Amino acid sequence: MMSEFQMTDLGLLQYFLGLEVEQRSNGIFLNQRKYIQDLLKKFNMDECDAAITPMNTNDKFQRDDGTPSADEKLYRSLVGGLNYLTHTRPDISYCVSVVSRYLHKPSKQHPGAAKRILKYVVGTSEYGIWYSKSEEFKHIGYTDSDWAGAAARQAVWLRKLLADLGYKQKGVTELWCDNKSSIAMTKNPAFHARTKNIKVQHHFIRKLVSDGSVELKFCGTNLQNADLFTKGPSQAKHQFFMERIGVKMFESRGGVEI
Numbered sequence: 074m075m076s077e078f079q080m081t082d083l084g085l086l087q088y089f090l091g092l093e094v095e096q097r098s099n100g101i102f103l104n105q106r107k108y109i110q111d112l113l114k115k116f117n118m119d120e121c122d123a124a125i126t127p128m129n130t131n132d133k134f135q136r137d138d139g140t141p142s143a144d145e146k147l148y149r150s151l152v153g154g155l156n157y158l159t160h161t162r163p164d165i166s167y168c169v170s171v172v173s174r175y176l177h178k179p180s181k182q183h184p185g186a187a188k189r190i191l192k193y194v195v196g197t198s199e200y201g202i203w204y205s206k207s208e209e210f211k212h213i214g215y216t217d218s219d220w221a222g223a224a225a226r227q228a229v230w231l232r233k234l235l236a237d238l239g240y241k242q243k244g245v246t247e248l249w250c251d252n253k254s255s256i257a258m259t260k261n262p263a264f265h266a267r268t269k270n271i272k273v274q275h276h277f278i279r280k281l282v283s284d285g286s287v288e289l290k291f292c293g294t295n296l297q298n299a300d301l302f303t304k305g306p307s308q309a310k311h312q313f314f315m316e317r318i319g320v321k322m323f324e325s326r327g328g329v330e331i
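All residue numbers for the sequence shown refer to this note's numbering, where the first residue is 74 and numbers rise by one.
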């Protein structure tokens, strides 16, 4: 392109739209430390105390909890800022999705929950997402007991996308599920009364299994990574799942803690 257009080579990408990029021989680390600091200053929280988890597991939210309404514009701005942060911090995705449900007429409770997420990232601003480099680019997914349909559809789309990018999957895509009944139904083509209400189009996962595109495997609930995106776990479980999905600490002197 430089032969056709006037361009300047600035070297490896280091910063783009609030995302900080650390490229190393064994992988790429992405985080948003500066973006977090800017977000804290914007909402006058740059000197706040850190929270150990992004959400209190005992909190119960509802659309009208009887408390006075909060500033809707300010609340939307805060939630929008947190939503952009999920690009490198998937560990807050579920909590951000919860507070995003109340963008219309939020009560006093909802900004408190959103600020709790911001307090959590104060203490974890050095964390980001780590993409390790390996010779084999293997696609692995986790799903709950929803007949694995949604995860299977995503798997098919990602397999096609990776193939277009030059990373055609050589083997099956593993979907780890914590429900043995769902796994059994994908391997047994027989009709059962318990599956008669499942729409025909949802049975396509059986075809994916039979043609070698997808394979469902069992994992215990305590190892189900998808739980981080569907519920607010305890502090210990939250930290455990963070490490499993690649959210790690950045070290300025040594790179990435792995």
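We put the CB at the ideal spot given by N, CA and C, even for glycine. Predicted, not measured: the structure shown is a model, and the values here were computed from it.
Quick check: the Cα distance between residue i and residue j, rounded to an integer number of angstroms?
{"i": "M315", "j": "K146", "result": "31 Å"}
{"i": "K206", "j": "E120", "result": "37 Å"}
{"i": "E208", "j": "G244", "result": "With a pLDDT of 49 at E208, under the threshold of 50, the modelled position of that residue is not reliable, and no figure is offered here."}
{"i": "K321", "j": "Y200", "result": "5 Å"}
{"i": "I318", "j": "A186", "result": "24 Å"}
{"i": "R279", "j": "Q297", "result": "22 Å"}
{"i": "K178", "j": "G153", "result": "15 Å"}
{"i": "A309", "j": "A124", "result": "14 Å"}
{"i": "M74", "j": "R97", "result": "25 Å"}
{"i": "L92", "j": "E77", "result": "29 Å"}
{"i": "W220", "j": "S254", "result": "At W220 the pLDDT is 44, less than 50, meaning the model places this residue with poor confidence; the figure from the coordinates comes in the next sentence. One C-alpha to the other measures close to 9 Å."}
{"i": "N295", "j": "T81", "result": "50 Å"}
{"i": "H130", "j": "Y204", "result": "Per the sequence presented here, residue 130 reads as Thr, with His not at that position. Rounded to whole angstroms, T130 to Y204 spans 29 Å at the Cα level."}
{"i": "Q79", "j": "L85", "result": "18 Å"}
{"i": "Y88", "j": "I202", "result": "15 Å"}
{"i": "Y108", "j": "D122", "result": "18 Å"}
{"i": "T303", "j": "V169", "result": "11 Å"}
{"i": "P184", "j": "D164", "result": "19 Å"}
Could you give the DSSP three-state label for residue i: helix, strand or coil?
{"i": "Y240", "result": "coil"}
{"i": "N117", "result": "coil"}
{"i": "S198", "result": "coil"}
{"i": "T339", "result": "Since the first residue of the chain shown is 74 and the last is 331, residue 339 is not available in this structure."}
{"i": "L85", "result": "coil"}
{"i": "K233", "result": "helix"}
{"i": "F291", "result": "strand"}
{"i": "F102", "result": "strand"}
{"i": "A221", "result": "Since pLDDT at A221 reaches only 49, below the 50 mark, its modelled position is unreliable, and no value is offered."}
{"i": "S150", "result": "helix"}
{"i": "L90", "result": "coil"}
{"i": "M322", "result": "strand"}
Residues in the same chain with beta-carbon distance under 6 Å from residue i, minus the five sequence neighbours each way, listed in chain order, please.
{"i": "L281", "result": "A225 and V287"}
{"i": "G305", "result": "M128 and T130"}
Tell me which residues share the same chain as residue i and place their Cβ nearer than 8 Å to its Cβ, disregarding the 5 neighbours each side in the sequence.
{"i": "R149", "result": "L176"}
{"i": "L90", "result": "none"}
Just checking my contact of residue i with residue j at CB under 8 Å: how many whole Å lie between their CB atoms?
{"i": "V94", "j": "L103", "result": "6 Å"}
{"i": "T126", "j": "H311", "result": "6 Å"}
Q. Taking three-plus beta-carbon pairs below 8 Å as touching, is the segment 242 to 256 in contact with the segment 285 to 294?
A. yes
Q | Any 3 or more C-beta pairs closer than 8 Å across the segment 187 to 194 and the segment 226 to 235 | A | no
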